[in-house]
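Below is one structure, written out as structure tokens; the observations come after it.
There are 2 protein chains.
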Amino acid sequence: MNILLPVRDALDVINGKWKLQIIIAINNGNKRFKDIERQIPGITARMLSKELKDLESHQLIKRTVYDTLPVSVEYTPTPHAATLMPLIEALKEWGTLHRKKILKDKA
Amino acid sequence: MNILLPVRDALDVINGKWKLQIIIAINNGNKRFKDIERQIPGITARMLSKELKDLESHQLIKRTVYDTLPVSVEYTPTPHAATLMPLIEALKEWGTLHRKKILKDKA
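First to last, the sequence lines map onto chains S and F.
With the numbering used here, letter number 64 in the first sequence gets 455, and the count goes up by one each step, no holes.
With the numbering used here, letter number 25 in the second sequence gets 416, and the count goes up by one each step, no holes.
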């Protein structure tokens with residue numbers, strides 16, 4: 392079952408309610424904490440900062456601190472984040488196909 | 392963010408610790424409850440029967456009851472389960488790539 396470990400690794404990174412929404416929001420050009428927060432209804436500031444730290448440790452986003460007054464912080468996707476897109480696409484395709492199949496058979 | 396709903400659908404089906412292991416075990420030809428159970432260290436009989444029911448409701452496995460004495464039950468993958476394989480492959484590929492990236496940068 393050597394297929395399971397890498398699959399588990401991938402699921403651990405993209406799992407949970409918020410991670411993908413944050414990656415997509417940042418990918419869409421939302422750089423500031425408040426901008427990202429506004430894109431994700433229901434997320435708390437505390438949860439967002441925890442998930443941003445997690446995504447940073449997974450090297451999917453980059454945090455840049457600017458020496459302005461007050462200090463400003465921006466989040467941008469890393470090149471590594473781009474490698475996630477085919478997987479997100481595969482999830483989207485299978486989710487769409489699965490929903491059609493289940494709804495069709497219930498009709 | 393219309394990408395999120397189908398991605399959420401897909402993650403809800405393949406999520407959790409056991410589902411993928413069960414799908415892979417059945418895909419590898421394990422048909423009987425005991426055979427499947429033996430393939431998945433740590434799963435309880437109660438958990439396996441719950442997950443089998445769930446996978447059946449998602450039309451990923453088929454449960455066939457044979458009128459033998461005693462009655463025997465077999466689980467086989469449905470054609471719909473085959474559509475999961477490209478997604479499992481994409482998860483495996485990204486998980487492998489991600490692990491290499493994180494380990495390389497830590498070295």
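For every residue, glycine included, the Cβ atom is placed at its ideal position computed from N, Cα and C.
Which residues in chain F have a C-beta closer than 7 Å to the C-beta of residue 478 of chain S? List them in chain order. By 1-based counting over the first sequence, the position of residue 478 of chain S is 87. By Cβ distance, chain F contributes 481, 482 and 485.
With contact counted as at least three CB pairs below 8 Å, one residue from each stretch, are the segment 430–438 of chain F and the segment 464–475 of chain F in contact?
-> Too few Cβ pairs lie closer than 8 Å, so no.
**Request:** Give a yes or no on whether 9 Å exceeds the smallest Cβ distance from residue 421 of chain F to chain S.
**Result:** Working through the second sequence from its first residue, we reach residue 421 of chain F at position 30. For residue 421 of chain F, the answer is no, since every Cβ of chain S falls outside 9 Å of its Cβ.
(request) Measure the Cβ-Cβ separation of residue 487 of chain S and residue 445 of chain F and say whether it is below 9 Å. (result) Here residue 487 of chain S refers to the residue found at position 96 of the first sequence. Here residue 445 of chain F refers to the residue found at position 54 of the second sequence. Not closer than 9 Å, so no.
* Give a yes or no on whether the minimum CB-CB distance between residue 474 of chain F and chain S is below 9 Å. => Counting from one through the second sequence, the residue named residue 474 of chain F turns up at place 83. Taking a beta-carbon distance threshold of 9 Å, residue 474 of chain F counts as an interface residue toward chain S.
Check: How about the segment 410–428 of chain S and the segment 403–415 of chain F: do they share at least three Cβ pairs that are nearer than 8 Å?
Finding: Judged by Cβ distances under 8 Å, the segment 410–428 of chain S makes no contact with the segment 403–415 of chain F, as fewer than three pairs qualify.
task = Quick one: grab the DSSP three-state call for residue 410 of chain F.
result = If you number the second sequence from 1, residue 410 of chain F lands on position 19. Under the three-state reduction of DSSP output, residue 410 of chain F falls in the helix class.
For a test of the three-state rule: what should DSSP assign to residue 399 of chain S, helix, strand or coil?
Here the question's residue 399 of chain S lines up with position 8 in the first sequence. DSSP places residue 399 of chain S in helix when its eight states are reduced to three.
Quiz item: Which bits of chain F does residue 488 of chain S rub up against, with CB to CB less than 8 Å?
Solution: In the first sequence, counting from the first residue as 1, residue 488 of chain S sits at position 97. Listed along the chain, the chain F residues whose CB falls inside 8 Å of the CB of residue 488 of chain S are 474.
| According to a CB-to-CB cut-off of less than 8 Å, which residues of the segment 439–468 of chain S neighbour chain F? | Among the residues of the segment 439–468 of chain S, those with a Cβ less than 8 Å away from any Cβ of chain F are 449 and 450, in the order of the chain.
key: chain S residues whose Cβ lies nearer than 7 Å to that of residue 492 of chain F   = Here residue 492 of chain F corresponds to residue number 101 of the second sequence, with the count starting at 1. At a beta-carbon threshold of 7 Å, the residues of chain S lying near residue 492 of chain F are 450 and 471, ordered along the chain.
Quick check on the DSSP output: the alpha helix (DSSP H) that includes residue 422 of chain S runs from which residue to which? As a working mapping, residue 422 of chain S is identified with position 31 in the first sequence. Where residue 422 of chain S is concerned, there is no enclosing alpha helix (DSSP H), because DSSP gives it neither an H nor an E.
- What separation, rounded to the nearest whole angstrom, lies between the Cα atoms of residue 441 of chain F and residue 403 of chain S? Working through the second sequence from its first residue, we reach residue 441 of chain F at position 50. Working through the first sequence from its first residue, we reach residue 403 of chain S at position 12. Spanning the two alpha carbons is a distance of roughly 22 Å.
Does the Cβ of residue 398 of chain S have 16 or more other Cβ atoms within 10 Å, making it buried, or fewer, making it exposed? The residue you call residue 398 of chain S lines up with position 7 of the first sequence. With 16 or more other Cβ atoms within 10 Å, it is buried.
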